[in-house]
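Okay, so here's the structure we're looking at.
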Amino acid sequence: MSFTPVKGMKMIGIIFLVYALLVAPHEGEFWPFSIYPMFSQAGNPWTRAMVIDVTDLPDEELWQTRSLSELQTPSVPVKQYGVDQIDFSNFVSKTQNWTEPRKEALKTMFGRENIRGRRWMTARVHGKIVGRDSVVVEIVPFLMLTADSVYTNPHKDISDYQSGGTL
125 MSFTPVKGMK MIGIIFLVYA LLVAPHEGEF WPFSIYPMFS QAGNPWTRAM
175 VIDVTDLPDE ELWQTRSLSE LQTPSVPVKQ YGVDQIDFSN FVSKTQNWTE
225 PRKEALKTMF GRENIRGRRW MTARVHGKIV GRDSVVVEIV PFLMLTADSV
275 YTNPHKDISD YQSGGTL
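Residues in the sequence shown are numbered from 125 upward in steps of one, following our numbering.
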């Protein structure tokens with residue numbers, strides 16, 4: 125069996141066709157070229173969101189930024205309240221204009237009856253690799269939820285809560 129330029133071109137065409145058939149039905153997702161962060165963005169800084177129950181925390185400590193190891197208050201298991209962690213994290217970390225309806229939507233996610241009598245702090249959690257083998261995780265208080273209100277962090281600039289809109 126000898127290879128000619130024509131056979132070589134046919135072989136390359138077949139490879140591209142097989143690749144297209146494997147990738148096209150999966151919206152461009154094929155593991156070696158994945159858009160999932162664990163494959164395509166490993167080592168990059170990241171931001172997620174979490175909820176912390178700060179009901180028993182003194183007022184003067186509410187808005188302090190902490191590292192993960194300094195966190196002494198319990199986290200709120202969002203799934204227990206019917207909230208998907210990924211959707212919640214995207215909502216908090218990607219919303220640029222924190223208008224009153226957006227704040228109300230955040231509170232509605234958990235239900236006022238579940239927050240009643242409590243103070244829940246929504247925090248943006250930033251992580252990054254430092255050096256070759258260390259990870260720094262910083263928990264930045266962002267919005268505090270009560271049954272009646274949503275409070276913004278008084279130590280943050282107003283531009284952290286709005287981008288071209290009104291708060």
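Each residue gets a CB set at the ideal place from its N, CA and C atoms; glycine is no exception. Source: prediction; values computed, not measured.
Start and end residues, alpha helix (DSSP H) containing residue i
i, result
"valine 147", "129–147"
Same chain only: Cβ atoms within 6 Å of residue i, ignoring 5 sequence neighbours per side
i, result
"arginine 190", "Ile263"
"isoleucine 239", "Leu269, Ala271"
"arginine 172", "Ser213, Val249"
"valine 254", "Val260"
"histidine 279", "Trp187"
"proline 169", "Lys252"
"glycine 288", "Any reading at glycine 288 needs caution, since the residue's pLDDT is 48, under 50, leaving its predicted position unreliable; the model's value is listed next. Excluding residues within five positions, none has a Cβ falling inside 6 Å."
"threonine 290", "No answer about threonine 290 holds up, because its pLDDT of 38 lies below 50 and its placement is not dependable."
Residue i versus the options, residue with shortest Cα-Cα distance
i, options, result
"glutamine 220", "Gly132, Ile282, Met135", "Ile282"
"valine 274", "Asp211, Val261, Phe234", "Phe234"
"serine 258", "Asp183, Gly167, Tyr205, Pro149", "Gly167"
"proline 265", "Gln209, Asp183, Pro129, Ser287", "Asp183"
"glutamate 237", "Tyr205, Met135, Leu267", "Tyr205"
"valine 200", "Glu185, Phe215, Val175, Asp211", "Val175"
Contact set for residue i: own chain, Cβ-Cβ below 7 Å, skip 5 residues either direction
i, result
"serine 217", "Thr171, Arg172, Ala173, Arg248"
"valine 207", "Met233, Phe234"
"asparagine 277", "Trp187, Pro265, Phe266"
Bounding residues of the beta strand (DSSP E) (the contiguous stretch that carries residue i)
i, result
"tyrosine 318", "Coverage of the chain is limited to positions 125 through 291, which leaves residue 318 absent and any answer about it impossible."
"leucine 181", "From DSSP, leucine 181 is part of no beta strand (DSSP E); its letter is neither H nor E."
"leucine 269", "258–269"
Cut-off 8 Å between Cβ atoms - residues of its own chain near residue i, not counting five sequence neighbours on either side
i, result
"lysine 203", "Gln209"
"leucine 230", "Phe215, Val216, Thr246, Leu267, Leu269, Val274"
query: Do the region 236–246 and the region 166–184 touch if we need at least three Cβ pairs shorter than 8 Å?
result: Flag = yes, the region 236–246 and the region 166–184 touch.
As an exercise, report each continuous alpha helix (DSSP H) stretch of at least 4 residues that is fully enclosed by the region 207–256, in chain order.
209–218, 224–234, 236–239
request  = Determine, using beta-carbon pairs with one atom in the region 221–231 and one in the region 195–203, whether at least three such pairs fall under 8 Å.
outcome  = no
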